[in-house]
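Enquirer:
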Amino acid sequence: MNRQLFAQLGTIIKFQIRQNRWRFMIWGISLIFVTVLIASAFTGLYQTDLERQAIAETMENPAMTAMVGPGYGIDNYNNGAMMAHQMLLFTAIVFGIMSILLTSRHTRAEEEDGQIELVRALPVGRLTNLTATIIVLTGFNFLIGLVSGFSLFALQLEDIGLEGSLLYGFSLSAIGIFFVLFTAVFAQLSESSRGTVGFSIGFLLLFYLMRAIGDVSSEALALASPLGLVLRTEVYVNNIWWPLFVLLIQFILLFFFAFYLNKIRDVGAGFLPSKAGKRNATKSLLSPIGLNIRLQRTGIIAWAFAMFVLGISYGSVFGDLESFFANNDMLEQMLSSNTAYSLTEQFLTMLMVILAILSTIPTLILLMRMKKEEKKGRTEHLISRSVSKYRLLFSYTVLAFVSSIVMLGLAILGIWLASASVMEEPVAAGTFFEAGFIYLPAIWAMIGIGITLLGIFPRATSLIWLYVIYSFFTVYLGGLLDLPQWLLNLSVYGHIPQLPVENVEWFPLIVLVLITFALSIVGFTGFRKRDTLV
Amino acid sequence: MTIVTTKALSKKFGKVTALDGVDLNVEEGEVYGFIGPNGAGKSTTIRILLGILQATSGSAQIFGKDVWQDAVEIHKRIAYVPGDVNLWENLTGGEVIDLFSKLRGKTNQKKKERLIEQFQLDPSKKCGTYSKGNRQKIALVAAFASEADLYILDEPTSGLDPLMERVFQECVHEAKRNGKSVLLSSHILSEVERLCDRIGIIRQGKIIESGSLSEMRHLTRSHFFVETKSSIPELGSQKGVHDVREEEGKLGFQVDTENLDQVMQYVSKFGITKLESKSPTLEDLFMRHYEKDSPNRGASS
Ligand SMILES: Nc1ncnc2c1ncn2[C@@H]1O[C@H](COP(=O)(O)OP(=O)(O)O)[C@@H](O)[C@H]1O
Ligand SMILES: [Mg+2]
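Residue numbers (the UniProt record's numbering), protein chains in the order written: chain F, 1 to 534; chain P, 1 to 301.
(1) Hey, is residue 104 of chain P's beta-carbon within less than 7 Å of any beta-carbon in chain F?
(2) Can you give me, in chain order, the residues of the stretch 3-28 of chain F that have a beta carbon less than 7 Å from any beta carbon in chain P?
(3) The alpha helix (DSSP H) spanning residue 101 of chain P covers which residue range?
(4) Ignore the nearest five residues each way along the sequence and tell me which others in residue 397 of chain F's own chain have a CB closer than 8 Å to its CB.
(5) Which of the residues in the stretch 371-382 of chain F, read from start to end, lie with their CB under 9 Å from any CB of chain P?
(6) Kindly indicate which three-state DSSP category residue 32 of chain P falls into: helix, strand or coil?
(7) Specify the secondary structure class of residue 202 of chain P as computed by DSSP and reduced to three states.
(8) Closest to residue 151 of chain F by C-alpha separation, out of F:492, F:406 and F:31, would be which residue?
(9) The beta strand (DSSP E) that contains residue 107 of chain F, what's its start and end?
(10) Whose C-alpha, out of F:106, F:145, F:315 and F:78, is nearest the C-alpha of residue 29 of chain F?
(11) Within 7 Å of any Cβ in chain F, is that where the Cβ of residue 358 of chain P sits?
(12) Curious, which full-length alpha helix (DSSP H) runs of at least 4 residues does the stretch 497-530 of chain F contain?
(13) At 9 Å on the CB atoms, spell out the chain F contacts of residue 75 of chain P, in chain order.
(14) Between residue 324 of chain F and residue 163 of chain F, what straight-line distance do the alpha-carbon atoms span, to the nearest angstrom?
(15) Which value, in whole angstroms, describes the spacing of the CA atoms of residue 27 of chain F and residue 117 of chain P?
(16) Of all the CB atoms in chain F, is at least one closer than 7 Å to the CB of residue 259 of chain P?
(17) Taking the alpha-carbon positions, what's the residue 71 of chain F to residue 399 of chain F distance?
(18) Does any CB atom of chain P fall closer than 7 Å to the CB of residue 197 of chain F?
(19) Work out the CA separation of residue 166 of chain F and residue 39 of chain F for me, nearest whole Å.
(20) Helix or strand or just coil, what does DSSP make of residue 271 of chain F?
(21) Under 8 Å between beta-carbons, which chain P residues line up against residue 267 of chain F? List them in chain order, please.
(22) With a cut-off of 7 Å, does the C-beta of residue 530 of chain F fall near any C-beta of chain P?
(23) I'd like to know whether the C-beta atoms of residue 147 of chain P and residue 106 of chain P end up nearer to each other than 7 Å.
(24) Give me, in chain order, the residues of the same chain whose beta-carbon lies closer than 8 Å to that of residue 337 of chain F; leave out the 5 immediate sequence neighbours on both sides.
(25) If we define contact as Cβ-Cβ less than 7 Å, is residue 114 of chain F a contact residue for chain P?
(26) If the criterion is Cβ atoms closer than 7 Å, does the pair residue 445 of chain F and residue 488 of chain F meet it?
(27) Going straight from the alpha carbon of residue 178 of chain F to that of residue 192 of chain F, what length do you get?
(28) What three-state label does DSSP hand residue 20 of chain F in the structure shown?
(29) Interface residues of chain F around residue 82 of chain P at Cβ under 9 Å?
(30) Considering Cα atoms alone, identify which of F:61, F:201, F:76 and F:103 is closest to residue 258 of chain F.
(31) Taking the continuous beta strand (DSSP E) assigned at residue 252 of chain P, which residues delimit it?
(32) Going by DSSP in three states, residue 160 of chain P sits in which element: helix, strand or coil?
(33) Rounded to whole angstroms, what is the Cα-Cα separation between residue 1 of chain F and residue 71 of chain P?
(34) To the nearest angstrom, how far is it from the Cα of residue 3 of chain P to the Cα of residue 28 of chain P?
(35) For residue 81 of chain P, count neighbouring C-beta atoms within 10 Å of its own C-beta (all shown protein chains included) and say buried if the count is 16 or more, exposed if not.
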């Protein structure tokens with residue numbers, strides 16, 4: 001019986017490793033490198049214990065808790081604790097996203113494209129491919145976690161010990177592995193690779209929100225989320241291992257669930273219903289833009305909903321934040337003595353840039369979808385008819401610009417609605433919208449870069465995601481570590497004045513809009529001149 | 001010896017019945033043609049035979065073993081080529097052929113090289129850059145280079161040019177010469193006619209006809225062209241006569257085989273001066289089933 005299920009497991013494992021060697025290398029090296037780099041940047045940032053203590057107090061506030069997780073070891077906020085508290089969650093999320101993409105690629109995507117059918121017609125077991133994918137990606141996650149841990153320890157930094165470093169590394173592995181298995185389950189449930197990635201990322205976001213709300217107000221809710229669970233390790237202070245064992249049990253359950261589903265379903269089939277479609281096209285479908293919206297409809301709605309919910313959950317923290325500062329006069333004075341702005345407003349600036357970057361993601365997804373359509377040969381149906389190449393790219397561009405405003409707008413709306421209902425002295429809607437929408441020129445510049453890539457370097461379009469990640473980390477860390485200004489300036493978001501704390505400066509905004517124009521022209525011209533991808 | 005047997009094989013996808021009691025036999029050393037219109041259930045049958053899909057009811061065996069229970073054992077001795085071949089974009093054609101060989105176990109390296117040459121394939125290119133036809137060639141080379149006992153081919157020539165189709169046909173002939181069995185699903189009827197010993201026609205999930213081509217010809221119509229001394233007024237209303245038309249003074253018509261005798265006797269009364277006949281083609285056979293089941297498409301008679 002086992003032969004029927006697992007024949008040639010070894011061969012397929014070797015094949016998958018070989019097939020992915022470059023991908024593994026790039027993911028692995030960048031994740032380890034970034035982890036080590038950030039750790040060394042953190043230490044030595046605050047020289048005295050007193051300074052660190054002051055920072056620790058501010059880190060304890062509900063807004064920070066919602067964003068990065070509960071602070072711990074506050075009475076001994078050492079370098080390790082500070083680094084882990086501020087970095088573990090976001091790094092873990094990157095591990096999760098990586099696992100989702102890689103897993104879907106080897107399970108549902110190959111099934112959808114038909115490679116699985118060819119392999120299954122060979123003397124290969126029924127569960128071999130799924131098992132091999134899980135083993136390879138679990139091993140990969142484990143390995144980069146382990147190497148990250150040892151590398152952290154090898155830095156020989158103060159307060160960054162061996163046990164803590166390994167726990168830090170394994171916590172990252174654990175989240176990576178969790179999402180390998182979680183995606184493996186969704187690869188059985190959903191009928192398409194887009195659905196698999198979509199549902200998995202959606203749940204990643206949901207887990208983040210559960211943790212955010214849970215960390216502020218309900219321990220049980222936070223523990224129900226793997227992201228909340230992993231933050232309970234209190235790395236470098238208490239080094240608690242049991243959360244990883246709880247995750248291990250979840251792995252086993254997910255593993256058997258994925259196997260069970262795989263076993264009882266037909267190749268090519270899923271469990272989530274896909275209902276019969278319309279017989280005729282509605283009028284709104286019959287234009288490149290209409291077609292576009294229709295093709296990406298589910299994604300658009302899901303992201304719009306997610307942005308709004310994200311806004312609401314951040315917004316709901318404002319009330320706690322207000323009372324936290326009200327009860328902590330001394331802190332308030334200490335930190336805001338040199339500004340005329342409340343801490344709430346300072347928190348708001350940080351929130352806005354993060355939301356701006358997050359709402360760039362759906363916008364770029366909508367734009368970059370053209371590459372996939374082109375590669376699969378589907379744009380040919382349009383170009384060979386009466387649609388010019390300009391009009392084709394234009395339809396994606398328009399959608400992206402509209403999305404930039406809508407996605408960011410929904411997030412801000414969410415914040416404002418939630419904050420207005422929980423704060424005693426609500427911040428005006430105008431303040432929120434000004435502080436948020438001022439980031440639009442930066443998002444537009446990202447669209448411009450995307451268009452240029454599509455037009456001139458269509459094979460390198462994934463670079464834009466590296467740039468998004470870079471921007472996120474510099475912006476996020478820029479405030480925490482005193483990163484050199486030029487590093488921040490490499491990100492388009494770094495040039496936007498931070499309202500309401502800073503004043504509106506028109507010069508960078510105008511330059512960004514001009515850059516957007518120039519890049520769009522370059523991209524459109526290049527796109528018209530270049531061959532269609534095959 | 002019977003290589004492939006299915007008994008009352010049925011498959012439902014939710015409410016859709018794709019197969020509805022398929023009985024099929026492929027004997028050792030024969031090329032079995034499996035034909036039917038799009039959506040008839042050919043690929044579904046083949047996927048069940050490959051143990052990729054599980055039948056809702058009925059049984060299917062290859063080499064006397066159950067296709068689901070003993071899939072791995074069976075697959076060591078069969079080679080499969082689908083109509084729509086998709087490969088890993090970042091691997092070369094040569095790498096894929098080698099991977100498949102490795103997974104199957106035995107491969108004839110010499111034959112592989114020969115096939116690559118015959119199919120005019122460049123195995124050093126990435127699969128992402130191959131055209132549909134070239135991807136299909138990869139699968140064909142991998143299949144025919146293996147020392148399989150049964151070849152299962154699902155519309156394997158849908159992307160090939162006529163020259164390459166020839167090469168493919170030669171491969172099938174060679175397999176047959178070596179005593180191998182072939183299950184060939186196709187909708188290119190001339191190909192089936194040229195290659196297959198026996199044929200099964202499937203329609204809406206049921207086998208509606210099966211047997212050797214000559215057996216089947218009995219079931220179908222013959223084409224005639226006659227010139228007679230006096231005109232035949234009532235030919236069109238004779239039993240078993242179809243599709244009567246005048247062409248350059250000759251009268252063309254089709255006759256059901258079972259009515260041939262009466263019709264010929266009737267026609268001969270009018271003094272035959274010239275008679276041409278054409279044996280029925282597979283296409284006629286196919287069309288006849290088509291017409292029978294969809295009356296609006298029937299030919300005027
Ligand atoms: N995975 C599936 N889900 C639902 N229906 C299917 C599936 N696969 C095939 N079918 C249906 O089963 C029937 C037979 O399909 P198929 O075997 O592919 O036909 P053929 O290969 O003869 O063209 C068709 O009506 C098709 O729509
Ligand atoms: Mg088919």
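Quick reminder that beta carbons are idealized off the backbone N, C-alpha and C, glycines included.
Expert: On the basis of the data shown:
(1) Interface annotation, residue 104 of chain P: in contact with chain F, CB-CB separation under 7 Å.
(2) Within the stretch 3-28 of chain F, the residues whose Cβ lies closer than 7 Å to some Cβ of chain P are 3, 4, 7, 8, 11, 15 and 19, listed in chain order.
(3) 93-104 is the extent of the alpha helix (DSSP H) around residue 101 of chain P.
(4) Taken in chain order, the residues that qualify are 367, 447, 451 and 520.
(5) Listed by position, the residues of the stretch 371-382 of chain F near chain P (Cβ gap below 9 Å) are 375.
(6) Strand at residue 32 of chain P.
(7) Of the three classes helix, strand and coil, the one that applies to residue 202 of chain P here is strand, per DSSP.
(8) It is F:31 whose Cα lies nearest to the Cα of residue 151 of chain F.
(9) No residue range can be given for residue 107 of chain F, since it is assigned to no beta strand (DSSP E) and is classified by DSSP as neither H nor E.
(10) Comparing Cα-Cα distances from residue 29 of chain F to each of F:106, F:145, F:315 and F:78, the minimum goes to F:145.
(11) The structure shown does not extend to residue 358 of chain P, since chain P is modelled only from 1 to 301, so the question has no answer here.
(12) Segments of the alpha helix (DSSP H) lying fully in the stretch 497-530 of chain F: 506-529.
(13) Residues of chain F with a Cβ closer than 9 Å to the Cβ of residue 75 of chain P are, in chain order, 7, 120, 121, 122, 123 and 124.
(14) Taking the straight line from one Cα to the other gives about 34 Å.
(15) Cα to Cα, the separation comes out at about 39 Å.
(16) Residue 259 of chain P is outside the set of residues whose beta carbon lies under 7 Å from a beta carbon in chain F.
(17) Rounded to the nearest whole angstrom, the C-alpha separation of residue 71 of chain F and residue 399 of chain F is 40 Å.
(18) Cβ-Cβ to chain P under 7 Å: no for residue 197 of chain F.
(19) Spanning the alpha carbons of residue 39 of chain F and residue 166 of chain F requires a straight line of approximately 14 Å.
(20) In the structure shown, residue 271 of chain F adopts coil according to DSSP, grouped into three states.
(21) Those are 47, 52 and 53, listed as they occur along chain P.
(22) No Cβ of chain P is located within less than 7 Å of the beta carbon of residue 530 of chain F.
(23) For the 7 Å CB-CB criterion, residue 147 of chain P and residue 106 of chain P form a contact.
(24) Any reading at residue 337 of chain F must be qualified, since the residue scores a pLDDT of 48, below 50, and its modelled position is unreliable; no value is offered.
(25) Taking CB atoms only, residue 114 of chain F has a neighbour in chain P less than 7 Å away.
(26) Cβ atoms of residue 445 of chain F and residue 488 of chain F: not closer than 7 Å.
(27) Residue 178 of chain F and residue 192 of chain F have their alpha carbons spaced roughly 21 Å apart.
(28) Residue 20 of chain F carries a coil assignment under DSSP once its states are collapsed to helix, strand and coil.
(29) Those within 9 Å of residue 82 of chain P in chain F are 114, 117, 118 and 121.
(30) Checking every option, the nearest Cα to that of residue 258 of chain F belongs to F:103.
(31) Unbroken beta strand (DSSP E) run through residue 252 of chain P: 250-256.
(32) If DSSP states are grouped into helix, strand and coil, residue 160 of chain P belongs with coil.
(33) Reliability fails at residue 1 of chain F, whose pLDDT of 48 lies under 50, so the model's placement of it is uncertain and no value is given.
(34) Distance between the alpha carbons of residue 3 of chain P and residue 28 of chain P: 6 Å.
(35) That one is buried.
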